[in-house]
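Here's the structure, in structure tokens; my notes come after.
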Amino acid sequence: MELPKHYNPEESEEKYYKLWEKSGFFNPDVCKEKGAADPSKEVFSLVLPPPNVTGTLHMGHAAMLAIEDIIVRYARMQGRPTLWIPGTDHAAIATQSKVERQLYEQEQKTRHDLGREEFLKRVREFAQGSHDTIIHQIKKMGASLDWSRQAYTLDEQRSSATYAAFKRMYELGLIYRGNRIVNWCPRCSSTLADDEVEYKETNAVLYTFRYAKDVPIAISTTRPETKFGDTALAVHPEDKRYREYSGKVYTINLGAGDQEIRVIADESVDSEFGTGALGVTPAHSQIDAEIAQRHNLPSLQVINEKGEMTERTGPYAGLPVKEARKRFVAWLKEQGLLEREQQIPQNISVCYRCGTPIEPLPSLQWFIAVNKEFVLKHSQITGIASGSQTTLKELMRKVVAQKQITILPEQFEKTYFHWIDNLRDWCISRQIWFGHQIPVWYKNGEIFVGEKAPSPEWRRDPDTLDTWFSSGLWTFSTLGWPKDTDDLKTYHPTTLLETGYDILFFWVARMILLSGCLLGDIPFKTVYLHGLVRDEKGKKMSKSLGNVIDPLDMISKYGADATRLSLIVGVAPGSDSKLSENKVRGYKYFTNKLWNISRFVLMQTEDYDPKATPQLSREDEKILQEFRAMAQEVTRHIEGYRFYLAADSLYQYLWHTFADKVLEDSKPLLKDSATRAARQYVLVSILADSVKLLHPFTPFVTEAIYQNLPLAEKKETIMIEPWPVSI
RNA sequence: GGGCGUUUAGCUCAGUGGUUAGAGCGCUACAUUCACAUUGUAGAAGUCGCUGGUUCGAAUCCAGCAACGCCCACCA
1278 MELPKHYNPE ESEEKYYKLW EKSGFFNPDV CKEKGAADPS KEVFSLVLPP PNVTGTLHMG
1338 HAAMLAIEDI IVRYARMQGR PTLWIPGTDH AAIATQSKVE RQLYEQEQKT RHDLGREEFL
1398 KRVREFAQGS HDTIIHQIKK MGASLDWSRQ AYTLDEQRSS ATYAAFKRMY ELGLIYRGNR
1458 IVNWCPRCSS TLADDEVEYK ETNAVLYTFR YAKDVPIAIS TTRPETKFGD TALAVHPEDK
1518 RYREYSGKVY TINLGAGDQE IRVIADESVD SEFGTGALGV TPAHSQIDAE IAQRHNLPSL
1578 QVINEKGEMT ERTGPYAGLP VKEARKRFVA WLKEQGLLER EQQIPQNISV CYRCGTPIEP
1638 LPSLQWFIAV NKEFVLKHSQ ITGIASGSQT TLKELMRKVV AQKQITILPE QFEKTYFHWI
1698 DNLRDWCISR QIWFGHQIPV WYKNGEIFVG EKAPSPEWRR DPDTLDTWFS SGLWTFSTLG
1758 WPKDTDDLKT YHPTTLLETG YDILFFWVAR MILLSGCLLG DIPFKTVYLH GLVRDEKGKK
1818 MSKSLGNVID PLDMISKYGA DATRLSLIVG VAPGSDSKLS ENKVRGYKYF TNKLWNISRF
1878 VLMQTEDYDP KATPQLSRED EKILQEFRAM AQEVTRHIEG YRFYLAADSL YQYLWHTFAD
1938 KVLEDSKPLL KDSATRAARQ YVLVSILADS VKLLHPFTPF VTEAIYQNLP LAEKKETIMI
1998 EPWPVSI
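Taking the numbering used here, the leading residue of the first sequence gets 1278, the next gets one more, and so forth.
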């Protein structure tokens, strides 16, 4: 059969993805049924990190899909029962803000103008649209996901898992409600978890002033307007300058009534900074709150959830913080209290979603206690016996420290431990509407935890859960938990988690926490982290820079196979990579080269008998041996997650050995009837095994070639061909 | 402030103690009715960041330094 002169990706991609879906082999149950998977072999399971339903997929998603599909197709060709679960994430804050922005741009309305129900309807519509686009894009990449098991963090089953998880952790005493300093985003009007806060370098003014003329110690601050909430003045215990004042109490008036300021000594004060004295504002600073706790100081809230001054601040009440700062500094000057104004660089904390500066506030919120002891009933965790006491932090640390979970590349284990060691309680309540509404009900000071109210008089907590709480259940909520399903027994813990290093804390660590707590087990055995896909200059791709390369664009211009290769080759695990259209084009040339290699072989083997076993020459043997050596090397690279080297070896071999040397040398031998049959055998077998080795990387072109090969026995699809070498 | 990483050809990157350091892209010259011009052949191009050490031998191991990048951290 003769192939067309140039490979046409579009045609193959359309045709073969349909064939694969129809075959059912994406589903391990079908593979077992039809004999394509060996039930006695170790299962391979992987969850797709669910993309956010905030829009469309970018090159980072494409790279993730390429890597995971390589691993999954390889496992499947090993004959292992292989499950890759697809799904999407509702991404609470991200999605809600996106719809809010649209609503404001298009209709100048806020979510409050629509009301909770109507607004949520809009968000759901938007999410559905994004979902459909995303699924289409995933399929375009050739990802071999089991669509029969598709999940969504906010669908019925995942929601009931989320509520069940909350209830169990509440009963274990690990979820509690508390009044604590939280990271408050005034724009989102919601709390944020510690790791949802980012830092931005800015220039700030450091004001040095005295509370009053008779207070002997000046303080320095960049937030003078918070000083109405000060209840102490802290100095270092060793600081000789201030030792004599320790314990004194001053009554001051900053223009909003009397305040008592006690001079205290605390180790946490840096005597080198500013005047070496710190105004303690327990209500608006985490560190001050800790000092206040140690010294039993009262806490006065002077800024509210809207970022305005509270009633307590008298003439300043109702003013936005910036305005209050301006007026208060002017007042300090008038009073002759201001000693110095100084420009300093400062890292301010901002919301990771909208960039608005964070306002630390005391607030009544739900938390997960990471240091609290609890009894782990059934434990599969090394070093923690069933029924023994542990803490979430200990559990998270142990599974990695004892190598029950391996993180690759290894350097990220250090980052992980560093994070665990600094971990504080996780604030999981959010004051937004889109998401899982907290399953807690109130009536006359009583609390009931459950998905449904015991009777109609109970009022539900209006807040929703942090999106990472539900996605943290992903490895088991997708398998049917809290029900004890066959899927859960068969596929959990999952074999591998493959994701970007940027969500190591957000997601990976949370999955370890929640799986450990709720199942007493690890969620996955290995974590493989990939880096960011940047533009050709190494800049982050972003709409505002106009340097975004769209995966669908690349696929339609150069094909999915070329796009996949361009995201794999030259990309070291865990490090960022650079992508240019030129690189994609280069791999398009390769798919075409492969196509023409096949065209040549097929043209030379029209009279080839696949059942014959011709006598091979020494040269023939040598060529086959060289191929086998390469095939083993490729296999070892895949086993070691070195996909960049595996793909490169195949590229080198096929182009510069097989095409440039073997095929060229074969031309005379094919013309000679004495050597023709043996050479045909050599070419067909190397080509057949090569497309199998390449199939995980470039599934479409290899399927197209496979379907045309003159083989004695052929499967329905190359996808279920056994891997041609073992190591 | 703490931690992590990177530094090899113009560009992107391989190469974890052993002969003259490799690939892709780019560049130069030549070829071409041949499976493929989305091609082939040949070629130019590197004091392997710097300094010192270990060794018969170092891009590779060790120490120090430098530049760049990233992560964590509420010097208020």
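Using N, Cα and C, we set each Cβ at its ideal position, and we do this for glycine too.
At the level of alpha carbons, what is the spacing between residue i and residue j?
i, j, result
"I1789", "N1460", "24 angstroms"
"L1856", "K1816", "10 angstroms"
"P1363", "F1711", "22 angstroms"
"N1573", "A1509", "10 angstroms"
"S1965", "Y1983", "Checking the displayed sequence, the identity of residue 1965 turns out to be Ala instead of Ser. Cα to Cα, the separation comes out at about 7 angstroms."
"S1425", "D1346", "17 angstroms"
"Q1612", "L1483", "18 angstroms"
"D1543", "G1551", "16 angstroms"
"L1773", "I1348", "10 angstroms"
"T1683", "K1802", "6 angstroms"
"G1632", "S1967", "50 angstroms"
"K1318", "A1786", "29 angstroms"
"H1769", "H1695", "27 angstroms"
"M1354", "F1867", "23 angstroms"
"T1372", "Q1666", "39 angstroms"
"C1465", "F1644", "19 angstroms"
"V1878", "A1924", "22 angstroms"
"E1288", "E1402", "32 angstroms"
"K1490", "D1565", "24 angstroms"
"E1384", "R1378", "10 angstroms"
Using the Cβ count rule (16 or more neighbours within 10 Å means buried), how would you classify residue i?
i, result
"G1406", "exposed"
"M1880", "exposed"
"P1739", "exposed"
"S1732", "exposed"
"L1641", "exposed"
"N1456", "exposed"
"E1636", "buried"
"T1439", "buried"
"G1524", "exposed"
"R1736", "exposed"
"H1367", "buried"
"T1752", "buried"
Would residue i pass as a contact of residue j if the rule is Cβ separation under 8 angstroms?
i, j, result
"I1697", "G1797", "no"
"P1716", "E1728", "yes"
"L1422", "W1361", "yes"
"I1541", "Y1527", "no"
"G1664", "V1652", "yes"
"P1828", "M1341", "no"
"T1979", "A1339", "no"
"L1781", "Y1693", "yes"
"G1506", "G1591", "no"
"T1485", "E1567", "no"
"G1777", "L1809", "yes"
"C1704", "A1470", "yes"
"A1908", "V1804", "no"
"S1706", "T1468", "yes"
Sort out for me which residues DSSP pairs residue i with in a bridge.
i, result
"T1468", "W1461"
"E1723", "K1720"
"C1704", "F1644"
"K1444", "DSSP lists no partner for K1444."
"F1321", "T1359"
"K1666", "In the sequence as displayed, the identity of residue 1666 is Gln instead of Lys. Note: Q1666 sits in a beta bridge opposite V1652."
"P1639", "I1458"
Quick one: measure Cβ to Cβ for residue i and residue j, integer angstroms, because I've assumed they're closer than 8 angstroms.
i, j, result
"M1831", "N1824", "Between N1824 and M1831 the Cβ distance is about 14 angstroms, and since that is not below 8 angstroms, they are no contact."
"I1580", "T1503", "7 angstroms"
"G1584", "P1463", "4 angstroms"
"V1376", "R1393", "Between R1393 and V1376 the Cβ distance is about 13 angstroms, and since that is not below 8 angstroms, they are no contact."
"S1548", "H1513", "4 angstroms"
"T1771", "A1369", "Their Cβ separation, rounded to whole angstroms, is 24 angstroms, which puts T1771 and A1369 out of contact at 8 angstroms."
"A1893", "A1955", "Strictly speaking, residue 1893 in this sequence is Leu, with Ala absent from that position. Right, the Cβ-Cβ distance comes to about 5 angstroms (below 8 angstroms), so this counts as a contact."
"L1614", "V1647", "Contact flag wrong, Cβ pair sits at about 42 angstroms."
"Y1293", "A1981", "7 angstroms"
"L1927", "S1943", "Not really, about 20 angstroms apart at Cβ, beyond 8 angstroms."
"S1962", "L1280", "About 19 angstroms; that fails the 8 angstroms criterion."
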